[in-house]
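So in full-length UniProt numbering, spot 804 of the sequence shown is number 804, and the numbers just go up one at a time. What follows is a short report on a single structure.
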Amino acid sequence: MDHIHEESMHKKDEIEKKNEKQQIVKPFPFHKLLSYADSIDWLLMGLGTLGSIVHGMAQPMGYLLLGKALDAFGNNIKDTDAMVKALYKVVPFVWYMAIATFPAGILEIGCWMYTSERQLVHLRLAYLSAVLHQDVGAFDTDLTNGKIIAGMTNHISLIQDAIGFHRNEDMLTSVYWMLGVVGTPETISQIKTVFAFVGESSAIKSFSECMVKQSKLSKSEAIIKGVGTGMLQTVTFCSWALIVWIGAIVVTAHRSNGGDTLAAVMSILFGAISLTHAAPDMQTFNQAKAAGNEVFQIIQRKPTISYEAKGIVLDKIIGNIEIREVYFAYPSREHNLILQGFSLPIRSGTVVALVGSSGCGKSTIISLIERFYDPSIGDIYIDNHNIKDLDLKFLRKNIGAVSQEPSLFAGTIMDNIKIGNMNASKEQIERAALTANAHSFISLLPEQYSTEVGERGVQLSGGQKQRIAIARAILKDPPILFLDEATSALDSESEKLVQDALENAMKGRTVILIAHRMSTIINADTIVVVENGVVAETGTHCELLDSSNFYNKLFNMQNLAPESDSRDAPTKQPEDNSHTNLSQEFEQTEVSRKEDDVLQDISNQYSQSERTETISFFRIWFGLDKTDLGKTVIGSVAAALSGISKPIFGYFIITIGVAYYKPDARLRVGWYSIGFGVIGLLSLGTHTLQHYVYGVIGDKAMTNLRQALYSVVLKNEIAWFEKPKNSVGALTSQIINDSSMIKTIISDRMSVIVQCISSILIATIVSMIVNWRMGLVAWAVMPCHFIGGLIQAKSSKGFSGDLTAAHQELVSLTSESTTNIKTIASFVHEDHILEKAKLSLEVPLRKSRRKSIKYGIIQGVSLCLWNIAHAVALWYTTVLVNRKQASFEDGIRSYQIFSLTVPSITELWTLIPTVISAINILTPAFQTLDRKTMIDPTTPEDSNSERIKGRIEFEKISFSYPSRPGVTILNNFTLLIEAGSKVALVGPSGAGKSSVLALLLRFYDIHEGRILIDSTELREFNLRWLRSQVGLVQQEPLLFSSTIRDNICYGNEGASETEVMEASMEANIHEFVSNLPDGYNTLVGEKGCQLSGGQKQRIAIARTLLKRPAILLLDEATSALDADSERVVMSAFGSNDNGRLLSGATQIIVAHRLSTVMNSDIIVVMDKGEVAEMGSHSTLIGENEGVYSRLFKLQSFAER
């Protein structure tokens, strides 16, 4: 075995070294971002570049013309007529420049915007195609869902901003988002587990710790931002001071005239400012290169198992399979061999069943035959051909698979079944559904096969999803069929019908069957016992009963009778179980919604949105005290002082230009230079203070809101979380993204608004004082500046954001595809996904074409208007000079003061709507904050501190789910459960069993009747105190992305190591955990993805046992366990007298396996929300016509 480990580790080291070399090689070149440009794109980029050059030349040309105007003044100071004549000669050139910028603006924005979208369409498709064609092993290690979605959204948006010459937002925002988002979606998506284990305080504590880290970053950011902005102002003013003084030296030395010097000074200064403004764009290019590196790494990543490696395509697959000496370890745990010399021949047309304990490698074998992974050592042959030599698409098209956890896609039921055969007719689809026992429940749905299943099939129950997955596999009609716990989510009657259908479907095919229920496999041609990754024994059912102690023990533990008994057992006709199919539509463990209910919810949501009132502006200052508001006043004063720089520069720059023509020019300009330097130093202090104060205050308000919002969300009842508008994504967005608007408003907007108002007021007053006529004209031409400024502001922020919503469909498709990558690979569905992606990108591309033309024209008009304003100002100054109503100096100075302050007006105009829209975005978050929960877990505050005994009474309970008020789930349900007893709830799917457990935990409130615990009404208990004494194990175990120890200790963080190990041993998981390299510190992965279903279930059981509950609720708790593990775990649950962790606990068990409930004190048979039968196992099987007796016979149990 050691040589296999060494070989595996050696390969791993080689790969790591190769990756390190690739990372060291050289930085990602920017031109590679343009890899997907075609000839049209290159033409568009050339025209866009031409437009950008003309646009860039406009400003220095403007200063050159201003210098010519100044020369006209300086050369004719004593001759006004000559001065006016010279000025009139300059004015037409300004008009020419205005006209030239119109087509330049159209080309610049229109061409670059459209070509960026065109190129990104190809890049997105290439990225998605690369993701879909990666081997499955990559998704276990490198390609996490978050990484892929980040590539499709953030990274590609950065690339588009770079190609389109747009500036992106502050990257620190993503840091905050990553800090805050840790655990938030996971907590909300597993809210039932959080509530059941009273994990709210733990979740809030973790969230608060993230917020503290973020606040530290925010303070650093505020200081850096303030000092950086202040230093920019200081350097700018000091540079002005130095350059204008040097200009005075040059002029007085008669080496240049005043006009040319001023033109050179202005061009140098504003060129430098342009470079500083371009710094974020340069940062964008660097970020785009980094993002491109991530994206192109995936695009260029060569999968080890690829469709590109064309192989042999056989005329027909017969179905002979041979597995030869296979060794295998998953890429995520290369040190842990799953298969250790596994060999097995399978003849065509036979049914081979694999049995063994959880984690022994049964499902792994199926994954290897489908080539999701390749063996580390050994080979697999189909029809005497090594599967590595076969064409991969051909191989997978000839294999059908149904997994234990079926993956459905957002779309209709028909769309999901049709994945099995995209060319299938409606009749073929219905026939496959009929075979899978799905047609009956589908036909009862309002939209039947056109019913939307929701994201991941959330609108359907587990059994319904499983039957659709079976129909999908049957429709594929493959010669090789894999069934991995294909009927585990079905009740006994449905399983019997589907199993019969599968037996028909299996005829003539090679079938590998995996199941824990022995009744499912006893008819297999060969049963293979798998132990520790090798074949321990093979034979038929009867042969293994005689020869195999292991198989005999498994069989006896499930008390199975010979198959002949089961065949003789009476079964009901379809009409007798039609109520079962109908009730399955409303299975309790899932949110199964009728279309009418969905429409009603949407209608209610729309009506509520119409009634929504915008929150008050003052609420954004959330949770701030008087000290904080006092600091805000100080920050506002600093912001107002920061606003004087533009008016001062506008006033003095022309004054300096005129001073160049004075006899004492050097002295005068020297004093002006000193003034500029002083103002620059003052700006450093005011900007630092302004941004620091507002930054800290904004972050504090945001943190206060986030913590309050997160706490309030975790107080809401389960029914609130089940509403579509309160999805995991929507609530995460409210808590993380929407709440960040407060920081954006206060830190980034309010201080700038104060600064802009200060600039505008000062500029207006000074301009009017210098020359009121020119001041009025400056205001008159302000719309020309203003419109131009608006479009420039829009351009600087990037136009790609307008198409974010349009790309949402592609992002959802990518996320869904990544999550269901095994299903996509199994059904060779990649090309269809790419076709859907292409269709989803057609709309954004059409929108982009229209928007590029629209914004190109607006840009051209704005540049033209901007220069028209300069032409009008110069012309009117000439008129005033000619009429002797103003001096040249005052005319230009009055206009220049206002002209340089126009950007502040534009910025103010764009900021105020931004603030208003941001407040509107915050409205739903504040509505969530203000909502009063229907089930408050904190009241009453005082509860009896004594441990509850566990006596439970249900008195005439009537209940319907809030999402389906018209469907009665429990009807006049009455039941008494004595403390310390063990009660089982059985019955067909949809009978209301899981609802009983949900009501005990008070996930919902009942409509009529009472629930009493120890003779006290349920509503009188403090809910969190009550839940701390109730343990829950669900059918689908939900683990958190943390260590095994953290998951077992969830809700009981103070548990000792001894207690954790004791709970693990009783849950039969300790041995497995101890054999892992990191033991209890092993990370389980996202939702426990690094563990098998049985391993996850046992950890969930250990978590519940550690809680030492007074009431234990088991909802199909052992469905994912093999028979041996189930026996060990059930013995722990059953030892009320001797068990250390469950001493005296009241147990309520929901199970489809009757072997799980046979030893219960009382078995309650439920049907249609009522108690149909009740008694012990022996009593109930004696009633031949009873529901329990029928279920018992269906599962082929023998009487003792």
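For glycine and all other residues, C-beta sits at the position ideal for the given N, C-alpha and C. Quantities reported herein were computed from a predicted structural model and do not represent experimental measurements.
* **The alpha helix (DSSP H) enclosing Pro60, as first and last residue numbers** => Ser39 to Gly74
* Asked: Cα separation between Ala415 and Ser826?
  -> The amino acid occupying residue 415 in the given sequence is Asp; Ala does not appear at that position. The alpha-carbon atoms of Asp415 and Ser826 are separated by roughly 16 Å.
* Based on the DSSP output, what are the partners of Lys982 in its beta bridges? -> Gln1147
* What did DSSP end up calling Gly1031 once you bin it into helix, strand or coil? -> strand
* Mind checking whether Leu908 and Cys1089 have CB atoms under 7 Å apart? -> No Cβ-Cβ contact shorter than 7 Å links Leu908 with Cys1089.
* What are the partner residues of residue 1222, as DSSP defines its beta bridges? -> The structure shown does not extend to residue 1222, since the chain is modelled only from 1 to 1200, so the question has no answer here.
* **Beta-carbon spacing of Ser727, Gln690 below 7 Å** => no
* To do: Could you tell me which uninterrupted beta strand (DSSP E) segments, each at least 3 residues in length, are contained entirely in the segment 887-971, listed from first to last along the chain?
  => 952-959
* Asked: Under a three-way DSSP split, which group does Ile380 fall into?
  -> strand
* Measure the C-alpha to C-alpha separation of Lys388 and Ile977 and round it to an integer number of angstroms. => 59 Å
* If you follow the alpha helix (DSSP H) that Asp484 is part of, which residue opens it and which one closes it? -> Unbroken run through Asp484 is the beta strand (DSSP E), Ile480 to Asp484; no alpha helix (DSSP H).
* Is Trp422 helix, strand or coil when you go by DSSP? -> In the sequence as presented, Trp is not what sits at residue 422; that position holds Met. Met422 falls in the coil class under three-state DSSP.
* By how many angstroms is the C-alpha of Glu842 removed from the C-alpha of Met741? -> 32 Å
* Asked: For Tyr876, which of helix, strand or coil comes out of DSSP?
  -> helix
* To do: May I ask you to verify whether the segment 712-726 touches the segment 926-937, counting CB pairs closer than 8 Å and requiring at least 3?
  => Taking a contact to require three or more Cβ pairs closer than 8 Å, the segment 712-726 and the segment 926-937 qualify as touching.
* For the segment 1181-1197 and the segment 1011-1026, state whether three or more C-beta atom pairs, one from each stretch, are separated by less than 8 Å. => Result no; under three Cβ-Cβ pairs closer than 8 Å.
* To do: Examine the Cβ distances between the segment 105-114 and the segment 33-50 and report whether three or more of them are shorter than 8 Å.
  => yes
* Who are the near neighbours of Leu179 in its chain, counting only those whose CB is closer than 7 Å to its CB and skipping five residues on each side? -> Low confidence applies to Leu179: its pLDDT is 38, below 50, so where it sits in the model is not reliable, and the reading given next is rough at best. The answer, listed in chain order, is Cys210, Lys213 and Gln214.
* Asked: Where do the N-terminal and C-terminal ends of the beta strand (DSSP E) with Met1166 fall, by residue?
  -> Ile1162 to Asp1167
* Segment contact flag, the segment 465-480 with the segment 430-443, C-beta cutoff 8 Å, min 3 pairs -> yes
* Delimiting residues of the beta strand (DSSP E) encompassing Val326 -> Ile321 to Ala329 is the span of the beta strand (DSSP E), which, as asked, contains Val326.
* **Contacting residues, own chain, Cβ-Cβ under 7 Å from His1177 (five flanking each side not counted)** => Met1158 and Ile1163
* Asked: Assuming Gly643 contacts Ala222 under a Cβ cut-off of 8 Å, what Cβ separation, rounded to an integer in Å, is found between them?
  -> For Gly643 against Ala222, the beta-carbon gap comes to about 19 Å, at or over 8 Å, which does not count as contact.
* Looking only at C-alpha atoms, which of Ala263, Gly1085 and Ser887 sits nearest to Thr80? -> Among Ala263, Gly1085 and Ser887, the Cα nearest to that of Thr80 is on Ser887.
* What residues in its chain sit with their C-beta under 6 Å from that of residue 1241, if we drop five residues either side in the sequence? -> The requested residue 1241 does not occur in the structure, where the chain is confined to residues 1 to 1200.
* DSSP state of Phe676 mapped onto helix, strand, coil -> helix
* To do: List the whole-angstrom C-beta distance separating Asp525 from Val351, where the pair is believed to meet the contact cut-off of C-beta under 8 Å.
  => 5 Å
* Same chain, Cβ closer than 6 Å to Cys1049, neighbours up to 5 away in sequence not counted -> The answer, listed in chain order, is Ala1055.
* Leaving aside the five residues before and after Leu545 along the sequence, list all residues of the same chain whose C-beta is less than 7 Å from its C-beta, in chain order. => Tyr551, Asn552 and Phe555
* **Nearest to Leu513 (by Cα), restricted to the options Ser812, Phe482 and Gly539** => Nearest neighbour of Leu513 by Cα position, chosen from Ser812, Phe482 and Gly539, turns out to be Phe482.
* To do: Output yes or no for whether 7 Å exceeds the beta carbon distance between Gly420 and Arg472.
  => For Gly420 and Arg472, yes; Cβs fall inside 7 Å.
* Asked: Across which residues does DSSP place Leu242 in a beta bridge pair?
  -> Paired residues: none, contrary to the question.
* What span of residues does the beta strand (DSSP E) with Ser343 cover, start to end? -> Leu337 to Ile346
* To do: Starting from Ala401, follow its DSSP beta bridges and name the residues at the other end.
  => Phe482
* Asked: Going along the chain, which residues of its own chain have a beta-carbon closer than 7 Å to the beta-carbon of Val679, five neighbours each way excluded?
  -> Position check: residue 679 holds Ile in this sequence, whereas Val was assumed. Taken in chain order, the residues that qualify are Phe237, Ser645 and Ile648.
* To do: Following the continuous alpha helix (DSSP H) through Arg1190, name the residue where it begins and the one where it ends.
  => Val1187 to Leu1194
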